[in-house]
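Read left to right, the sequence shown gives residues 1 to 202 (full-length UniProt numbering).
The beta-carbon is built from N, C-alpha and C at its ideal position, and this holds for glycine as well.
First up is the structure itself, then whatever we jot down about it.
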Amino acid sequence: MHDAHTATRHSEPEAIFRGRSSQVYDHVTRWLLRGLYRRIAEDIADAAPDGATVLDVGTGPGHLVAAIARRRGDLTLIGVDLSPDMVTRAERNFRPYGARVRAREGDAADLPFTDSSIGMVVSSYSLHHWDNPGAVVAELGRVLAPGGRLYLYDWRRAPFTQVVDAAREHGVLGGRPHRRTLIHTGSPVQPHVVRHVMTNPE
Ligand SMILES: C[S@@+](CC[C@H](N)C(=O)[O-])C[C@H]1O[C@@H](n2cnc3c(N)ncnc32)[C@H](O)[C@@H]1O
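Here it is, written out as structure tokens:
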């Protein structure tokens with residue numbers, strides 16, 4: 001259970017996600033990865049339960065969250081990121097969507113949410129940056145509601161195997177057989193992405 005008073009040593013945001021680099025990332029990905037965000041947003045818009053709270057882990061400047069918000073007006077969307085500068089970028093990008101879409105600083109390995117409070121989790125291209133994928137998986141299993149699904153997207157070489165092993169070890173996200181699929185994005189920069197879907201037991 002998350003306890004705000006517990007002294008947990010959080011990971012440090014990488015330099016490429018801080019300061020001026022976060023600004024460059026925001027501007028460049030907004031256009032270059034538009035097709036990718038659109039493709040992932042379609043998945044989430046199709047799969048999210050009515051009125052659910054959807055968490056984007058490692059949201060960066062929040063372009064994926066904004067793409068989901070445009071498709072589903074009933075969802076509460078929260079983007080979490082380790083980098084305060086990315087959170088500032090995301091907050092700015094979320095302004096058109098009002099209070100139902102927000103960003104907050106946090107470490108995926110120590111999420112600021114209570115048990116079973118999140119209906120669905122998505123994460124794009126953040127997994128390969130996590131210091132401790134096993135700790136993150138345990139956290140995602142904890143915050144996801146029973147039956148809640150995790151949609152993880154990343155490169156083929158990202159540590160998906162570590163995620164699967166950690167889920168087994170922690171006894172989370174074992175509700176249905178995992179599904180790993182290589183999908184086409186329509187983006188010339190990232191034409192393919194691996195999608196790995198895991199579900200908490202009911
Ligand atoms: C390559 S960017 C991807 C951003 C966004 N999801 C996208 O698809 O454009 C990776 C992001 O993951 C964040 N990140 C890395 N480790 C994290 C952690 N332990 N907890 C939360 N965010 C993390 C980084 O700060 C960075 O913003």
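Practice task
Using only the heavy atoms of ligand 1, determine whether one of them is closer than 7 Å to the beta carbon of G58.
Solution key: To locate residue 58, count along the sequence shown from 1; it is residue 58. Checking every heavy atom of ligand 1 against the Cβ of G58, one is found closer than 7 Å.
Practice task
May I ask you to report which of helix, strand or coil DSSP gives R156?
Solution key: Within the sequence shown, numbered from 1, the residue matching residue 156 stands at position 156. In this structure, R156 counts as coil in the three-state DSSP scheme.
Exercise for the section: Using DSSP bridges, identify the partner residues of L75. Expected result: Reading the sequence shown from its first residue, position 75 is the one you call residue 75. The partner list for L75 (beta bridge, DSSP) is empty, contrary to what the question assumes.
Practice task
State the DSSP-derived secondary structure class of L111, mapped to helix, strand or coil.
Solution key: Residue mapping note: residue 111 aligns to position 111 of the sequence shown, counting from 1. Coil at L111, not helix or strand.
Problem - Coil, strand or helix - D56 by DSSP - result: Against the sequence shown, residue 56 aligns to sequence position 56. DSSP places D56 in strand when its eight states are reduced to three.
Problem - beta-carbon W31 near ligand 1 non-hydrogen atom, thresh 7 Å - result: The residue you call residue 31 lines up with position 31 of the sequence shown. Result no, Cβ not under 7 Å from ligand 1.
Practice task
Please classify A69: does DSSP put it in a helix, a strand, or coil?
Solution key: On the sequence shown, position 69 is the one that residue 69 refers to. In this structure, A69 counts as helix in the three-state DSSP scheme.
Exercise for the section: Starting from E91, trace the beta strand (DSSP E) both ways and give me its first and last residue. Expected result: Stepping through the sequence shown from its first residue, residue 91 is reached at position 91. That residue, E91, is in no beta strand (DSSP E); its alpha helix (DSSP H) goes 84–94.
Handout entry: Cβ neighbour criterion (16 or more within 10 Å) applied to G62
Key = Counting from 1 along the sequence shown, the entry for residue 62 is found at position 62. It is buried - the Cβ of G62 has at least 16 other Cβ atoms within 10 Å.
Problem - Cut-off 6 Å between Cβ atoms - residues of its own chain near H5, not counting five sequence neighbours on either side - result: Position 5 of the sequence shown, counted from the start, is the residue given in the question as residue 5. Residue placement at H5 is poorly supported in this model, since its pLDDT is 36, which falls under 50; the coordinates still yield a value, given next. Result list for H5: empty, nothing under 6 Å.
Practice task
Give the secondary structure of T199 by DSSP, where H, G and I count as helix, E and B as strand, and everything else as coil.
Solution key: As a first step, residue 199 is located in the sequence shown; it is residue number 199 there, counting from the start. Note: T199 maps to strand in three-state DSSP.
Practice task
Check whether the Cβ of P13 sits closer than 7 Å to any heavy atom of ligand 1, and report yes or no.
Solution key: As a position in the sequence shown, residue 13 is number 13, starting the count at 1. Checking every heavy atom of ligand 1 against the Cβ of P13, one is found closer than 7 Å.
Exercise for the section: May I ask you to report which of helix, strand or coil DSSP gives R30? Expected result: Here residue 30 refers to the residue found at position 30 of the sequence shown. Here R30 sits in helix by DSSP.
Exercise for the section: To the nearest angstrom, report how far apart residue 218 and T181 are at their CA atoms. Expected result: Here the chain has residues from 1 to 202 only, and residue 218 is not among them.
Handout entry: L77 and V101 closer than 8 Å at C-beta
Key = Locating residue 77 in the sequence shown gives position 77, counting from the first residue. Locating residue 101 in the sequence shown gives position 101, counting from the first residue. Closer than 8 Å, so yes.
Practice task
Take E105 and list the residues in its own chain whose beta-carbon comes closer than 6 Å to its own, dropping the five residues that flank it on each side.
Solution key: Here the question's residue 105 lines up with position 105 in the sequence shown. Contacts found: P84, V87.
Exercise for the section: Say yes only if the C-beta of Y125 is nearer than 7 Å to one or more non-hydrogen atoms of ligand 1, and no if none qualify. Expected result: Counting from one through the sequence shown, the residue named residue 125 turns up at place 125. It does: the Cβ of Y125 is within 7 Å (strictly closer) of some heavy atom of ligand 1.
Handout entry: Burial state of W155, where buried means 16 or more other Cβ atoms lie within 10 Å
Key = On the sequence shown, residue 155 is found 155 positions in, with the first residue counted as 1. Counting Cβ neighbours within 10 Å, W155 comes out exposed, since fewer than 16 surround it.
Exercise for the section: Please confirm whether any heavy atom of ligand 1 lies closer than 7 Å to the CB of H63. Expected result: In the sequence shown, residue 63 corresponds to position 63, counting from 1. Indeed, a heavy atom of ligand 1 lies less than 7 Å from the Cβ.
Practice task
Just the C-alpha distance for V197 and L152, rounded to the nearest angstrom, thanks.
Solution key: For the purposes of this step, residue 197 is taken as the residue at position 197 of the sequence shown. For the purposes of this step, residue 152 is taken as the residue at position 152 of the sequence shown. When rounded, the distance between both Cα atoms is 6 Å.
Problem - N- and C-terminal bounds of the beta strand (DSSP E) containing L140 - result: On the sequence shown, position 140 is the one that residue 140 refers to. Unbroken run through L140 is the alpha helix (DSSP H), 133–143; no beta strand (DSSP E).
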